[in-house]
Structures are given as C-alpha cells and as structure tokens.
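Residue numbers (this note's numbering): 646 to 1017. Cβ coordinates follow ideal geometry from the N, Cα and C atoms, glycine included. Let me begin by presenting the structure, written as structure tokens, before commenting on it.
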C-alpha cells in the first residue's frame, strides 16, 4: 500500500477563493497570492463490505457433492448450503444398520435365535426333571434298604449335574440377551456419533441473509485445515460499510467521527462522503495496515467487494499558502508595479506538500516573483 498523507487543495471544490497559477515568461515566474483552504488527509484503499458479513466454512475435508444455493439466493439460518462427500461414514452407518437389524431380529420373540435357545433350555429342563423323578424313586428305595448307598449317591450326583446344567443354560441365555442388548445400545450410540459427524458434511447457513459470493462449485475439494475451507459468504447487501486499510503509522491521527471522502472506479466523477465509524484494535502483521470502517452515503448503486479509494480528513487549514520555492531565507520577492521588492515574511514550519502557510507579510492580491 502506498504510504502518503494527501493534501487536497484544488480538488473537490474545497478552494475558497479561486485557482492559483504560475505565470511564466523567459526570465521569471509569478504567483498570485490568494486565500484558500488546504485539507490534510490520509489516503487509504479498501472495499465495500456488509456490516453483518459471515464467511461460511467447512469443518471437514472432502469433495463438494452438492451445492444447494447460488449467488444472490436468500437463505435462512440452518438452511443447507452444500453437501461434502464422505463415503466412508455412509458405509460405516450402513454396516451398523445391518448389525442393529440383525440383533433386533434375534430379540424377536419367535425368531430362530430365540427358538434355538428355548429348545436348548427345554432339553436341559427335561433332563433335570427326569433326574429329579429318578432321584425321588431311588430315595424311597434307599430308605427301605432296597438299594445300596452307592446306587443312591449316583442318582443324587446325576441330579446335581442336571440341575447345574439347566441353571447354566438359563444363565447363558440371560447373558446372551444382556450382551445383545449391550451391543444394540453400543451400536446405536456409535451410529448417533457417526450421524452427528455426518451432519458436519452438510454445511448449513449460520444466519439469515443473501449469498454474496460462492467460493466453490460441485466437484471442488474442500480442505478444512487450510484457507480453502470457505464455501460461501452471506450478508445483507442493504447493510453495507466501507473498510479502509490504513497504514498503521497513521492510526494515531485518526479518530471516530472524522470525515472521509470516497472514490469508486464505477463512478469516476463522483465523490461520496461519510464518517469514520470504528477503528479496529489489531493490525495485520503482513500488510501492516489497520481496518478502519466508515459509514458512507452511497446515493448510487454499489455492491459488496467493490474497490474504493478514500481520504480521511485530518484537518482543514484556511489562509495564504505559497510554494516553498518562492521563499529564500524567510524572504520573498513581490511585484509592485514594474518594480520587484524583497520583503520578510513569517510562515509555519509545516510542509503542505511543497507549500507553506504564510502567517505574516503577505496579503491577497500580492504577486510573488521568482527568477528575476
């Protein structure tokens, strides 16, 4: 960015009393002394922005599978803007859905899984019931002394084994059901997590507004870790503001409320006026500029991102200003009739782009001479 403080003298109808001039011939130059207004300003380039601009970015990487909007569309908060492809997540969810369906099918009351388990339980129960009947008969015989203790102990042992097998089968079925329900819960949680992750692949508008710019098209790759994660910019084109990128060294001179003059290439003969609204508190380390925002009265059509050039008015000085080259050691030559007279003058020390302000010694109408 070009660093400069611009002195606006002639331009923009700021001169109070006419146009100064040099009059030249072969031997000398003259300068007609007139009172005028000189404006000190800081030049800055910039652009037109919206006061509520939002750049929508992607949290994930992938190819743009679908764009749901185009530039100029009006969108609502939460409205889908783009879909980023991620086949892996889709396949994982599909696989989980298959597993969930399989488990739920097993848990159905009359499913093959349930019938098989109930059949195994029934077999163990029948073995246990038969063992109990045999035990009761052998117990009666033992108590009558009709069988030996060894024979009775054998059937008692068989009953104990049958009971354990039956209970074990019941516990196995119970544990299997618990495991299936745990798997179902775990898979459902995993699916919910994947669906939440998948939701990031549907980029949605964070606000109401109009799509001002579309950065990507279908088929483009989005990298969430770089600057290429921008999808669209959204804002209200009716709420515009002017952003000027001011060299950081001039920021101490600029205050809120200062007048600003704006030019656009679209309207080369038009000067727009406005006021400084805010001065950001952070400088860009690369460009060493600070964003200064202004409210400008654009009475002609403008659009967001138009380039502007501006002058922030620091001060306006009225008085007699003369070129420095006419001064020599605090003295100037003036033309009186056909005679040239040298007189002392008093000036300010500040340089106004090659001109100085005269405090004492000259009046309007005087003619300065140089070169004679």
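Asked: Touch test, the region 843–854 against the region 701–718, Cβ-Cβ under 8 Å, three pairs minimum; Found: yes
Asked: Which of helix, strand or coil DSSP assigns to residue 1014; Found: strand
Asked: Spatial neighbours of residue 977 in its chain, beta-carbon cut-off 6 Å, leaving aside the 5 residues before and after; Found: 971, 990, 1013
Asked: Distance, residue 999 Cα to residue 984 Cα; Found: 27 Å
Asked: Residue 957 and residue 870 closer than 9 Å at C-beta; Found: no
Asked: Where residue 1005 falls, given that 16 or more other Cβ within 10 Å makes a residue buried; Found: exposed
Asked: Rounded C-alpha distance that separates residue 756 from residue 804; Found: 31 Å
Asked: Own chain partners of residue 955 with C-beta closer than 6 Å, once the 5 adjacent residues on each side are dropped; Found: 689, 889, 905, 907
Asked: Selected residue, minimal CA-CA separation from residue 948, among 895, 885, 981; Found: 885
Asked: Residues of its chain near residue 827, where Cβ-Cβ distance is below 6 Å and the 5 sequence neighbours each way are ignored; Found: none
Asked: Best match in 898, 712, 909, 814 for proximity to residue 761 [C-alpha to C-alpha]; Found: 814
Asked: Straight-line Cα distance separating residue 740 from residue 795; Found: 59 Å
Asked: Selection from 987, 883, 997, 708 that minimises the alpha carbon distance to residue 731; Found: 708
Asked: Spatial distance of residue 666 from residue 933 (CA atoms); Found: Low per-residue confidence applies at residue 666: pLDDT is 38, beneath 50, and the placement is therefore not dependable enough to give any value.
Asked: N- and C-terminal bounds of the beta strand (DSSP E) containing residue 824; Found: Premise fails: residue 824 lies in the alpha helix (DSSP H), 794–844, not in any beta strand (DSSP E).
Asked: C-alpha gap between residue 1003 and residue 965, whole angstroms; Found: 6 Å
Asked: Residue 773, enclosing alpha helix (DSSP H) - first and last residue; Found: 757–788
Asked: Helix, strand or coil at residue 900 according to DSSP, with G and I counted as helix; Found: coil
Asked: Given 8 Å, three or more beta-carbon pairs between the region 762–782 and the region 805–812; Found: yes
Asked: Length of the line joining the Cα atoms of residue 975 and residue 682; Found: 22 Å
Asked: Beta-carbon proximity of residue 887 to residue 694, cut-off 9 Å; Found: yes
Asked: For residue 740, the first and last residue of its enclosing beta strand (DSSP E); Found: Where residue 740 is concerned, there is no enclosing beta strand (DSSP E), although the alpha helix (DSSP H) it sits in stretches over 732–752.
Asked: Backbone CA spacing between residue 829 and residue 716 [nearest angstrom]; Found: 45 Å
Asked: Three-state secondary structure (DSSP) of residue 989; Found: strand
Asked: Residues bridged to residue 876 (per DSSP); Found: Residue 876 is not bridged to any residue.
Asked: Neighbour-count burial assignment, residue 861, 16 or more Cβ in a 10 Å radius; Found: buried
Asked: 9 Å Cβ cutoff met for residue 880 and residue 718; Found: no
Asked: Residue 687 to residue 680 span [Cα, whole Å]; Found: 23 Å
Asked: Contact check, residue 882 vs residue 857, beta carbons under 9 Å; Found: yes
Asked: Best match in 967, 863, 920 for proximity to residue 959 [C-alpha to C-alpha]; Found: 920
Asked: For residue 839, the nearest candidate out of 734, 793, 831 (CA to CA); Found: 734
Asked: Same chain, Cβ closer than 6 Å to residue 944, five either side skipped, listed in chain order; Found: none
Asked: Whether residue 825 touches residue 721 by CB criterion (9 Å); Found: no
Asked: Three-state class that DSSP yields for residue 893 in the structure shown; Found: helix
Asked: Sheet register partners of residue 926 (DSSP bridge); Found: Bridge partners of residue 926: none, in fact.
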